[in-house]
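Trainee: Numbered by the working numbering, the letters in the sequence shown go through residues 104 to 459 in order.
Quick reminder that beta carbons are idealized off the backbone N, C-alpha and C, glycines included.
Mind having a look at this structure? Questions to follow.
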Amino acid sequence: MNQTIRIQKTTSPKVKPDPKNLGFGQYFSDHMFILDYNTDKGWYDPRIVPYGPLSLDPSTMVFHYGQAIFEGLKAYKSKNGKINLFRPEMNMKRINNSNQRMSIPPIDEALAVEAVKTLVSVDRDWIPTEPGTSLYIRPFIIATDPYLGVRASNTYKFMIILSPSGAYYPSGINPVKIMIEDEYVRAVRGGTGFAKTPANYAASLKAQEVAHDKGYVQVLWLDGVERKYIEEVGSMNVFFKIGDEVVTPSLDGSILPGITRDSCIRLLKHWGIKVSERKLAVQELYDAHAAGKLVEAFGTGTAAVISPIGELNWSGNVITVAEGKIGELSAKLYETITGIQSGALKDELNWISEID
Ligand SMILES: *Cc1c(COP(=O)(O)O)cnc(C)c1O
């Protein structure tokens, strides 16, 4: 990293939203980070400027062919007044994995972590302090050539914006009802499932709408080839406790390698619990349930951290998991990860990066 980040502060700071009514992704802080790319200069001119709209030509490539990637992480204010980031280097490493798949040139991961830290520090007053709240950080890259030919762009913008967010579970964790999706698929091996790219989200909306209409919160995706194996739930990774083994689908190219997923696997191993990353057929899950061996099910992701699953519907075949309550392991993982993030628990696995 050999570039300095220039800072231009706003002269008209915004009125901050009510910290008790933040919701998610509705409010944006006073500043944003921008880094440009062209083929001559590479990535150049890292800067923090007042938050505001972009002016882009209607022919800008990202609007037409979707060459883009994004990330999501959070900053937390700890009790001792420090600002904590949770494994930010993992997000920046994942940007480069996503970039490679989407033909976007690699970024300097150290500069990107520094950009997050500097931006969060500039907008530190935007980090909410109510229990469970955080400052959501959204880095993203878009292709910016004004050109309609189909090829990779020669210019890009890497940006970071910040959004103060409310508690994901304002009234306590509630297990969700999940529809196992048997018509639409999210990704296939060889496609873009492992990349954090907007196209995967666009392609998932339809199934989500259908599930919502039937009273389900999210869909559980099956593999796109055989429609047999469990992949993810909504935009979260998924875990099942079957007997005394915790199972999560292996990363075979169609699944997004979640940082919360990785953190759960590490914690479970740290606690001496058996974790397997392997193929898991939905039939095996239903058989385990019939045999009384399906103990818990939960999704993992930065937004919710842990989202317990209370009910599954597979083509009309409905099963209840953990009596529709939060399981013991789900609760322990949730308490541990959020405790480390907020600074309430010791960071034994060295996951916190402090900003002072
Ligand atoms: C971001 C994302 C996840 C979760 O990843 P985390 O790093 O844990 O937030 C899981 N699945 C999909 C499809 C995602 O986009």
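Determine the DSSP secondary structure at Q321, reduced to helix, strand or coil.
Mentor: Looking at Q321 - three-state DSSP - the assignment turns out to be strand.
Trainee: Which word fits F127, buried or exposed, when buried means at least 16 other C-beta atoms lie within 10 angstroms of its C-beta?
Mentor: Result: exposed.
Trainee: I want to know whether the segment 430-444 touches the segment 366-384 - three or more CB-CB distances under 8 Å.
Mentor: The answer is yes - the segment 366-384 touches the segment 430-444, with three or more Cβ pairs under 8 Å.
Trainee: Rounding to the nearest angstrom, what Cα-Cα distance links G404 and Y271 in this structure?
Mentor: Going by the C-alpha atoms only, they are around 12 Å apart.
Trainee: Once you ignore the five residues that flank A384 on each side, which residues in its own chain have a CB closer than 8 Å to its CB?
Mentor: Excluding positions up to five away in sequence, the list reads K331, Y332, I333.
Trainee: Are there any heavy atoms of ligand 1 lying less than 7 Å away from the beta-carbon of L323, as far as the coordinates show?
Mentor: The answer is no for L323.
Trainee: Assuming contact is defined by CB atoms lying nearer than 8 Å, are N416 and M282 in contact in what I supplied?
Mentor: For N416 and M282, yes; Cβs fall inside 8 Å.
Trainee: Measuring alpha carbon to alpha carbon, tell me which of E335, T351, V288 ends up nearest E329.
Mentor: Of the candidates E335, T351, V288, the one whose C-alpha sits nearest the C-alpha of E329 is V288.
Trainee: CA-CA distance, D326 and V152?
Mentor: Straight-line Cα distance between these residues: approximately 43 Å.
Trainee: Do N187 and E451 come within 8 Å of each other at the CB atom, strictly closer than that value?
Mentor: No, these two residues do not count as a Cβ contact at 8 Å.
Trainee: Within 10 angstroms of the Cβ of H392, are there 16 or more other Cβ atoms? Answer buried if so, exposed if not.
Mentor: Classification for H392: buried.
Trainee: Among the candidates K280, Q311, K309, whose CA atom is the shortest distance from the CA of N420?
Mentor: Taking only the C-alpha atoms, the option nearest N420 is K280.
Trainee: Below 8 Å between beta carbons: does that hold for E212 and E192?
Mentor: Yes; because the gap between Cβ atoms is below 8 Å, this pair is in contact.
Trainee: Going by beta-carbon coordinates alone, are A139 and K260 separated by less than 8 Å?
Mentor: Sequence check: residue 139 is Asp here, not Ala. Going by C-beta atoms, D139 is nearer than 8 Å to K260.
Trainee: Quickly, what does DSSP pair S268 with across the bridge? List them, please.
Mentor: Partner(s): S237.
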